[in-house]
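Asks: Per mature numbering (1 follows the signal peptide of the UniProt record, and there is no 0), the sequence shown runs over residues -25 to -1, 1 to 239.
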Amino acid sequence: MNTTTLHLLTASLLLLLSCATHVFSVTPCPPCGNTTVPFPLSTSPTCGDPLYKIQCTASGSLLFNTVNNSYPIQSINPKTQRIIIQPASIIPKTCTTTDKIHQGIILNNTLPFNITSSNTIVYLNCTRTLLLSPLNCSAASACHAYINATDSISACQTGPVCCTYRTGGSSNSYQIRVRDSGCSAYSSFVNLDTSLSVNRWSRPGLEIQWLSPRETVCVSQKDCDSTTSSCGVDDSPVNGIKRCFCNGKLVWDPIQGVCTKSEL
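1) For residue 108 and residue 80, I'd like the C-alpha separation in whole angstroms.
2) Name the DSSP bridge partner or partners of residue 220?
3) Can you tell which of 121, 56, 184, 53 has the C-alpha that lies nearest to the C-alpha of residue 171?
4) Given a threshold of 16 other Cβ atoms within 10 Å of its Cβ, counted over all protein chains shown, does residue 117 qualify as buried or as exposed?
5) Out of 20, 232, 184, point me to the one whose CA is closest to residue 199's CA.
6) Check whether the region 51 to 67 touches the region 177 to 184, counting contact only when three or more Cβ pairs, one atom from each stretch, lie closer than 8 Å.
7) So, at 8 Å on beta carbons, what are the nonlocal neighbours of residue -5 in its own chain, with the 5 sequence-adjacent residues on each side left out?
8) Per the DSSP calculation, residue 63 is bridged to which residue(s)?
9) Tell me, please, whether the CB atom of residue 86 is closer than 7 Å to any CB atom in chain B?
10) In this structure, how does DSSP classify residue 136 when only helix, strand and coil are distinguished?
11) Can you grab the Cα-Cα spacing for the pair residue 86 / residue 159, in whole Å?
Written as structure tokens, this is what we have:
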């Protein structure tokens, strides 16, 4: 079992343990500004699933909270259960991202979110120790084309080393590290085709996915919608948990957070 799989199993177990202490609401959250907030994402304790918390600002913008920072949410796809966040910007006239003080993007690995394998990370202003890493720090790396074609990061041209890599390994499922001993700046691109010229690259973004939520936890039948579900004991390893299991031929829809008719 690899480290990524172990983290996902651990997160799932922690979800079950958390469920034992309170009943989740399946009430969808209201829009944040002009953006729909799909279940299970939650902008307040009274809607969505609190374990899938994101932030709605007073100005109507959505933020994704990491361990010690927040990033604007560019888009949400409820069908694929994926969010794209905006990476930190680079401080003007430097080759350092604004989140270097937080050591980059670090997700809480006990929550049901992880970085997908669809991201190409461009590391900038790296130490020469990165030449010994499995990252692509060669003269052919796409990071050189990115630096040369992007006026706003011209300060990075004097950096000793730049590198690229594709996310998806156990070491980067929950973090994109920025630090003095590695690289001081980065950017990220979703589903990047590096054969394209830089002016045809998509805008920077980092794709994050969420695990499917389980059925609503219940203490008694009154916690369930009696027309569609019944409170019953879960067969999971965590003893004593009850859930609102769907009645008859209805099936749990983790996207809507309700029991629906099977499409089969």
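Ideal Cβ placement from N, Cα and C applies to all residues, glycine included.
Replies: Taking the geometry as given:
1) Taking the sequence shown and counting its residues from 1, the one referred to as residue 108 is at position 133. Taking the sequence shown and counting its residues from 1, the one referred to as residue 80 is at position 105. Going from the Cα of residue 108 to the Cα of residue 80 covers about 20 Å.
2) If you number the sequence shown from 1, residue 220 lands on position 245. According to DSSP, which records beta bridges pairwise, residue 220 is partnered with 205.
3) Here residue 171 is taken as the residue at index 196 of the sequence shown, counted from 1. Looking at the Cα atoms, 121 is the closest of the given residues.
4) For this step, residue 117 is matched to residue 142 along the sequence shown. Label assigned to residue 117: buried.
5) Here residue 199 is taken as the residue at index 224 of the sequence shown, counted from 1. Measuring from the Cα of residue 199, the nearest candidate turns out to be 232.
6) yes
7) Start at 1 with the first residue of the sequence shown, and residue -5 comes out as number 21. Confidence is the limiting factor: at residue -5 the pLDDT is only 36, short of 50, which leaves the residue's position unreliable, though a coordinate-based value still follows. Same-chain partners within the cutoff: there are none.
8) Numbered from 1 along the sequence shown, position 88 holds the residue referred to as residue 63. DSSP, once it has assigned bridges, lists no residue as partnering residue 63.
9) Going by chain labels, chain B is absent from the structure shown, which holds only one protein chain.
10) One-based indexing of the sequence shown puts residue 136 at position 161. DSSP places residue 136 in strand when its eight states are reduced to three.
11) The residue given as residue 86 occupies position 111 in the sequence shown. The residue given as residue 159 occupies position 184 in the sequence shown. Looking at the two C-alpha atoms, the distance is approximately 27 Å.
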